[in-house]
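**Student:** Numbering follows numbering that gives the first Met the number 0, in which position 56 of the sequence shown is assigned residue number 55; successive positions increment by one, without gaps.
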Amino acid sequence: MTNVAQEQKKRVLSLIQPTAMPTLGNYLGALKNWKEMSRDYDCIFGIADLHALTSRPNPGELRRQTLEMFALLLSLGLDPDENIVFVQSHVCAHSELSWILNCYTQFGEASRMTQFKEKSHKQSDNINIGLFAYPTLMAADILLYLTNFVPVGADQKQHLELARDVAERFNGIYGNVFTVPEPFIGKKGAKIMSLQDPAAKMSKSDANPKASVSVLDEPDTIFKKFKSAVTDSEAQVRRAEGKDGIVNLMTIYSCCTGKDFDAIEREFEGKGYGDFKSAVAEAVIEELRPLREKYKSVVADKSYLADCAVKGAAAAARVSARTADKVKKKVGLWQKP
Ligand code: TRP
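Right under this line is the structure:
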């Protein structure tokens with residue numbers, strides 16, 4: 000690829016919080032697309048460890064989960080020379096710009112964030128200012144890199160809207176400093192539901208361990224979970240009202256094999272749910288196998304992890320410092336002589 004072509008690539012950015020390992024749902028809905036996007040876009044992916052502080056995690060656990068999530072991103076198969084993978088707290092411009100953006104964000108608009116309201120309810124003994132300012136840190140993450148597209152789930156859409164509003168406001172006052180980011184709408188917005196309750200989204204915090212598959216689950220665990228997935232009593236693999244469990248399994252099978260729903264219905268015509276569930280489990284096992292195997296070797300190699308973190312932070316710092324410097328100058332801070 001020539002340098003010119005590379006410069007013309009649009010930029011995609013997303014960060015993920017270092018919480019428990021993602022589920023198959025997170026993988027099919029987001030992470031799998033990250034790898035695909037990395038071919039056509041200039042991608043920046045990061046671990047949002049500063050955001051995680053808003054719920055005061057156990058320090059040892061936060062450190063471990065940050066390393067593990069970083070290892071997972073490195074295992075997705077992104078090209079490390081073409082894309083940036085980094086840890087948010089390793090790049091000081093994020094905290095810096097987020098403070099400046101706080102001063103360009105109204106109390107009223109931050110108060111309207113539904114996630115803030117939900118989290119205030121959930122952690123009512125710790126409604127800290129970080130929780131309130133969470134969206135301006137996220138706006139800083141995005142705006143520092145002059146990001147064109149942000150792949151976001153429904154729960155983060157309002158935060159992206161806020162980032163756009165703040166960028167437009169700032170540009171309106173100081174001239175074109177920020178690129179106004181747009182949501183990235185993937186081709187297949189796969190929403191994967193719980194294997195035990197197809198009305199609920201598959202979630203890593205589900206109390207029932209059989210409801211969700213982790214991206215790192217071993218093959219026999221995956222097999223058992225699919226075998227006990229909730230279906231219906233009709234015994235026909237097809238799309239229809241009231242067959243949400245089967246439709247969910249068909250969606251998973253489709254995402255892993257690339258087959259469409261018509262092809263899947265034909266493939267399993269006259270076959271029972273036992274055969275279908277085994278086929279879905281096998282497809283998921285094969286889909287996740289390369290990731291799990293790569294992860295095991297990456298997470299065990301502490302010096303490789305450290306090298307990648309240093310390299311990622313340096314690359315992210317180069318891009319973000321340019322934006323941060325420009326912002327500081329525009330608002331009138333005295334540039335360090
Ligand atoms: N808030 C996002 C989440 O919890 C994580 C995140 C932080 C993010 N900064 C971001 C996502 C920037 C996209 C872009 O899922």
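Yeah, the Cβ is synthetic: ideal placement off N, Cα and C, and Gly gets one too.
The structure displayed is predicted, hence computed values, not measured ones.
Apply the 10 Å Cβ neighbour rule to T65 and answer buried if 16 or more other Cβ atoms are within range, or exposed otherwise.
**Tutor:** Label assigned to T65: buried.
**Student:** Taking Cβ to Cβ, would you say V212 is nearer than 8 Å to L23?
**Tutor:** Yes; because the gap between Cβ atoms is below 8 Å, this pair is in contact.
**Student:** So T113 packs on Q157, CB below 8 Å; how close in whole Å?
**Tutor:** Contact holds; Cβ gap of about 6 Å.
**Student:** What beta strand (DSSP E) runs, 3 residues minimum, are completely inside the region 79 to 126?
**Tutor:** 83 to 86, all fully within the region 79 to 126.
**Student:** Is DSSP giving R337 helix, strand or coil here?
**Tutor:** Since the first residue shown for the chain is 0 and the last is 336, residue 337 is missing from the structure and cannot be characterised.
**Student:** Measuring CB atoms only, is the region 7 to 20 touching the region 47 to 54, in the sense that at least three cross pairs come out at less than 8 Å?
**Tutor:** Touching, yes, given that three or more Cβ pairs across the two stretches are closer than 8 Å.
**Student:** Classify P17 as helix, strand or coil using the three-state DSSP reduction.
**Tutor:** Three-state DSSP puts P17 in coil, outside helix and strand.
**Student:** Below 6 Å CB to CB, which residues in the same chain sit around M0 once its five sequence neighbours on both sides are set aside?
**Tutor:** Caution applies to M0, whose pLDDT of 47 falls short of 50 and renders its modelled position unreliable; the value that the coordinates give is listed next. The answer is none, since no qualifying residue turns up.
**Student:** Out of I83, P79, Q122, L143, which has the shortest C-alpha to C-alpha gap to S97?
**Tutor:** It is L143.
**Student:** Rounded to whole angstroms, what's the CA-CA distance from D124 to T220? Just pull it up for me.
**Tutor:** About 37 Å.
**Student:** Tell me whether the beta-carbon of I251 lies closer than 8 Å to the beta-carbon of V283.
**Tutor:** In this structure, V283 lies closer than 8 Å to I251 by Cβ.
**Student:** When every heavy atom of ligand 1 is checked, does at least one fall within less than 7 Å of the C-beta of V90?
**Tutor:** No, ligand 1 has no heavy atom inside 7 Å of this Cβ.
**Student:** Which residues in the same chain as A70 place their Cβ atom closer than 8 Å to its Cβ, once the five residues preceding and following it in sequence are excluded?
**Tutor:** Excluding positions up to five away in sequence, the list reads Y294, V297, V298, L304.
**Student:** Helix, strand or coil, according to DSSP, for I263 in the structure here?
**Tutor:** If DSSP states are grouped into helix, strand and coil, I263 belongs with the helices.
**Student:** Please report how far the alpha carbon of K223 lies from the alpha carbon of N247, in whole angstroms.
**Tutor:** One C-alpha to the other measures close to 17 Å.
**Student:** Around the Cβ of E286, are there at least 16 other Cβ atoms within 10 angstroms (buried) or fewer (exposed)?
**Tutor:** Buried, since its Cβ has 16 or more Cβ neighbours within 10 Å.
**Student:** Under the three-state reduction of DSSP, which class applies to K190: helix, strand or coil?
**Tutor:** If DSSP states are grouped into helix, strand and coil, K190 belongs with coil.
**Student:** Going by C-alpha distance, which of K242, K209, R238, D216 is nearest A228?
**Tutor:** Nearest of K242, K209, R238, D216 to A228, Cα basis: K209.
**Student:** Run through DSSP, which three-state label would G279 get?
**Tutor:** It is worth fixing the name first, because residue 279 is Val in this sequence and not Gly. In this structure, V279 counts as helix in the three-state DSSP scheme.
**Student:** Less than 7 Å separating the Cβ of Q16 from some heavy atom of ligand 1?
**Tutor:** Within the cutoff, so yes.
**Student:** DSSP three-state label for F177, please.
**Tutor:** In this structure, F177 counts as coil in the three-state DSSP scheme.
**Student:** Would you list, in sequence order, the uninterrupted alpha helix (DSSP H) runs of no fewer than 4 residues that lie entirely inside the region 215 to 263?
**Tutor:** The qualifying runs are 218 to 226, 243 to 256.
**Student:** Quick one: what's got a C-beta closer than 6 Å to K301's C-beta in the same chain, skipping five residues either side?
**Tutor:** So the list is empty, once near-sequence residues are dropped.
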